[in-house]
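Student: As numbered in the UniProt record's numbering, residues 1 to 729 make up the sequence shown, in order.
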Amino acid sequence: MSQQTESKLRSELLHWIKKIGSHFDTSYIVRDPNLPGKPIVYVNDAFTRKTGFSLQDVVGESVTILHGNQQFIEKEVLIDSDLNQIGSVRREVLNFCKDGTPIWFDIIGQTFRDPLGNPLFEVAFQSDITVQKQQEAIIEMQAEIYEGIEKGYAISALLQEICYKVEQFFREGSMCSIMHARDGQLYALASNSLPKEYVHLMEGLEIGPNVGSCGAAAYHQQVIITEDVETSPNWIPYIGEGTNPYGFKACWSFPIVNHQRETIATFGVYFKENTSPTKLEMAFIQKIVPLVLLAFRNAADQEKILHLAYQDQETGLSNMNYFLTEVKELDEDAENGFVAVISPFNYSEIVDMFGREIASLVLKELGRRLDGILDDYSYVLSRFTSTTLILAGNTKREDFRDILEILLRAGHSQIKIDQMEIFIPLQIGVVPYEKGDEIHQLIRRADLALSEARKRTGEQVCYYSPEMDESIKSNMELQSAIEIGLREEEFDVYLQPKVDMESGRIISFEALARWNSSKLGWVPPIDFIDATEKVGKIDLLETLIIHKVLSWQASYQKAGNKPYQVAVNISPNHFYKSNFVESILALLHHYELPAESIMIELTESISLEDLEKAKEILKNLADAGIMCSIDDFGIGYSSLSYLHELPISEIKLDRSFISQIHKSGTRAVVQTIIDLADKLDIRAVAEGIETYEQMILLRGMSCSVGQGYYFNRPLPLEEIDEIIKTEET
1 MSQQTESKLR SELLHWIKKI GSHFDTSYIV RDPNLPGKPI VYVNDAFTRK
51 TGFSLQDVVG ESVTILHGNQ QFIEKEVLID SDLNQIGSVR REVLNFCKDG
101 TPIWFDIIGQ TFRDPLGNPL FEVAFQSDIT VQKQQEAIIE MQAEIYEGIE
151 KGYAISALLQ EICYKVEQFF REGSMCSIMH ARDGQLYALA SNSLPKEYVH
201 LMEGLEIGPN VGSCGAAAYH QQVIITEDVE TSPNWIPYIG EGTNPYGFKA
251 CWSFPIVNHQ RETIATFGVY FKENTSPTKL EMAFIQKIVP LVLLAFRNAA
301 DQEKILHLAY QDQETGLSNM NYFLTEVKEL DEDAENGFVA VISPFNYSEI
351 VDMFGREIAS LVLKELGRRL DGILDDYSYV LSRFTSTTLI LAGNTKREDF
401 RDILEILLRA GHSQIKIDQM EIFIPLQIGV VPYEKGDEIH QLIRRADLAL
451 SEARKRTGEQ VCYYSPEMDE SIKSNMELQS AIEIGLREEE FDVYLQPKVD
501 MESGRIISFE ALARWNSSKL GWVPPIDFID ATEKVGKIDL LETLIIHKVL
551 SWQASYQKAG NKPYQVAVNI SPNHFYKSNF VESILALLHH YELPAESIMI
601 ELTESISLED LEKAKEILKN LADAGIMCSI DDFGIGYSSL SYLHELPISE
651 IKLDRSFISQ IHKSGTRAVV QTIIDLADKL DIRAVAEGIE TYEQMILLRG
701 MSCSVGQGYY FNRPLPLEEI DEIIKTEET
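(1) Does DSSP put S11 in a helix, in a strand, or in coil?
(2) Mapping the DSSP letters down to three states, classify D675 as helix, strand or coil.
(3) For P119, which residues of its own chain have a beta-carbon under 6 Å away from its beta-carbon, when the five flanking residues on both sides are left out?
(4) By the three-class DSSP mapping on this structure, what secondary structure does W285 have?
(5) Kindly indicate which three-state DSSP category S605 falls into: helix, strand or coil?
(6) If M202 and L186 are in contact, beta carbons under 8 Å, what's the gap, nearest whole angstrom?
(7) Could you tell me which residues DSSP puts in a beta bridge with V499?
(8) Shortest alpha-carbon distance to I350 belongs to which of S360, V341, I342?
(9) Can you list, in chain order, the residues of its chain whose CB lies under 8 Å from that of L550, leaving out five sequence neighbours each side?
(10) Once the 5 residues before and after M695 are set aside, which same chain residues still bring their CB inside 7 Å of it?
(11) Does A624 come out as helix, strand or coil in the three-state DSSP assignment?
(12) Mind the definition here: the segment 118-135 touches the segment 31-50 only if three or more C-beta pairs lie below 8 Å; say whether that holds.
(13) Suppose contacts are defined by Cβ-Cβ distances below 8 Å. Is L478 in contact with D539 by that definition?
(14) Which of the three DSSP states is assigned to E582 in this structure?
(15) If you compare alpha carbons, which of R699, P277, P237, V59 is closest to S503?
(16) Looking at P497 and F509, is the spacing between their C-beta atoms short of 8 Å?
(17) On the CB-based measure, 16 or more other CB atoms within 10 Å of its CB, does R182 come out buried or exposed?
(18) I need the DSSP call for T226, collapsed to helix, strand or coil.
(19) Classify E66: buried if its beta carbon has 16 or more other beta carbons within 10 angstroms, exposed otherwise.
(20) At which residues does the beta strand (DSSP E) containing E434 begin and terminate?
(21) Alpha carbons only, please: which of S382, I29, G411 is nearest the one belonging to G458?
(22) Assign V549 to one of three DSSP states: helix, strand, or coil.
(23) Can you list, in chain order, the residues of its chain whose CB lies under 7 Å from that of G708, leaving out five sequence neighbours each side?
(24) For G208, which residues in the same chain have their Cβ closer than 8 Å to its Cβ, ignoring the five residues on either side in sequence?
(25) Could you check which residue in S348, F354, A481, L391 has the C-alpha nearest to that of R368?
(26) What residue from S253, A340, D632 has the CA that sits closest to I288's CA?
(27) How long is the line joining the alpha carbons of I415 and I428, rounded to whole angstroms?
(28) At what residue ranges does the segment 511-541 contain a whole run of the alpha helix (DSSP H), taking only runs of 4 or more?
(29) Just the C-alpha distance for S378 and Y576, rounded to the nearest angstrom, thanks.
(30) Under 8 Å Cβ to Cβ from W515, same chain only, skipping five residues before and after it: list those, please.
(31) Can you give me the Cβ contacts of T387 inside the same chain, cut-off strictly under 7 Å, excluding the 5 residues immediately before and after it?
(32) Taking just the CA atoms, how far does M353 sit from I424?
(33) So, using beta-carbon positions, are S605 and C628 closer together than 8 Å?
(34) Cβ atoms of M175 and I162: under 8 Å apart, would you say?
(35) Closest to G355 by C-alpha separation, out of E693, S451, I417, would be which residue?
(36) Pick helix, strand or coil for S664, following the three-state DSSP scheme.
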């Protein structure tokens, strides 16, 4: 089939698809399987009505535009695999509307082919099954409540599971809480998604007619919808006037009222944008309210049969109901003591190797050992979560060290599992308490201290400190600011030249991200890059930087200027994404730039994660004409054994070598790396050159390219033209 015939066939087919689209009540999208990333080429009116995306919003975009901030790589791979191999597919998928509202689709996909079997278009018909999914979730939650109560789980754990499931059916970033109403006040029972400092502020909140949303809902026994908390007088005492440190903008609160017309709880949903509920959302929450009431009613029944309520069924250890009851008596008998949350360091490995049933037996054995060695002390020991134990004791402060040494000793003896003897080093989070301290706050702090201990390797004990709360608050503020920064494209590109050290001329640039946050001001790269990686948005940041780099290059070259290659830094998470190469090529195509316009700069550790996969991706980049560079070469990892296997064009000597270049030992290492690069026909770049002496030494070692403050500091894009013009004149 000639290209002209195929083009005509494609045009006629797409025209036919568009023509019936306006009369079709079922939502559908059309993709072009012949272009990188399979971009959307058409959606019908039913799709735009259902999702809020216009035709202009989605044409040219990947279907990942419907994924919001979620990653559904595996499901997309399965869909594409079925379409490629058998030409059709049926899957249930979670997508997000333009306003962030989740929507479940039952997708039927079909590949349209020409007479020779070549794919022309892929059409996906989408039926909205959100209500069905909500009903399935309600049935599942009801079953989990009964099962959890039967196993003696704490009501807070059951309610938290309800919150987690409900959050999946609201806009991205929504947060749910369930507050228990007792003695005219509200106490958090399930609030893990909310900022911890906000939960602390709300603890013991007075129920009243003008108290936030939850306090008012509990008082009036009516649904309270606050579309804008920042303008609501009910909210000013809690978020401040003109300030909102917690990031949410709206709150809907639903009272939980028993048959005696008593308010026993409130169910709150918080959002990061001003919003009011749709009929579908209201109907869904109204179905959740009876589930919460069911959990409370059955929990109350269980309190009448304490023996069932006080035992963890998997391990035989006491559970949190028992712990909370006994710790009150412990507190009455002593002026001070401690709460500790204890976790085996290698618990996840035990689960992976032997399964959860065996892992629970390990916790049981650990509990037995602790019971044996704590015999001389007054204490309460229970199972806290699936992976941890919790311990409270009324020990004097001067005895803490002895107690902790005793606790650690429980992991020093081997445990026999499936013919294998293993040691179980313990990680412990500890908080001291004084008589009258609120137990739930102590538990939270001990758990927070354990989180700090888990950041380290092996046997660890970590004491709670107020700085941990401050650290969490700072991290949450930074993460919130990153969300805004990405949405508003606050991140800027600065370029630092790579210079030929013989001629002094600029040969290329490295792109560096800089951020002047509208909320936080200037944020150091080391802080925001690390935080962006932790929240799983580093690929979005790097893609934004690439967009800005390519946009500048396109404009610069269209003005008739000499093209310069720009290196962009890529993280391992981004590099190993299944569509990484295709996405880079699509961006180059979008800006009509050749492959050599950019260089992909990777850290030395990239190939240690999966050497064979790294080689495959690097080869695909090289085949497409895109050069790659290994950054920070020579530190932390040994790349010498596989460097010759990687299709790379450049290695960058880490700045730690350059700062020590005056030392003979360092010079020997640097010379070895430069010689190795030369033999492999790889360019060696010295990074972090700050003095004339460093430049002369490196040039004498046959290192031809340098980068650093000696030549130029990183400059914003608007200042780059000036240094290039200065050089050319």
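Positions of the beta carbon are idealized from the N, C-alpha and C atoms, including for glycine.
Tutor: Taking the geometry as given:
(1) helix
(2) helix
(3) P33, T111, R113
(4) For clarity, residue 285 is Ile in the given sequence; the question names Trp instead. DSSP places I285 in helix when its eight states are reduced to three.
(5) coil
(6) 7 Å
(7) I506, G706
(8) S360
(9) L587, L588, H590, Y591, L593, S597, I598
(10) M501, I689, G706, Y710
(11) coil
(12) yes
(13) no
(14) helix
(15) R699
(16) yes
(17) exposed
(18) strand
(19) The sequence shown places Leu at residue 66, not Glu. It is buried - the Cβ of L66 has at least 16 other Cβ atoms within 10 Å.
(20) 426-434
(21) G411
(22) helix
(23) E687, G688, I689, E690
(24) G215, A216, Y219
(25) L391
(26) S253
(27) 19 Å
(28) 525-534
(29) 52 Å
(30) G485, E490, F491, D492, W522, V523, P525, F528
(31) S343, Y347
(32) 14 Å
(33) no
(34) no
(35) I417
(36) helix
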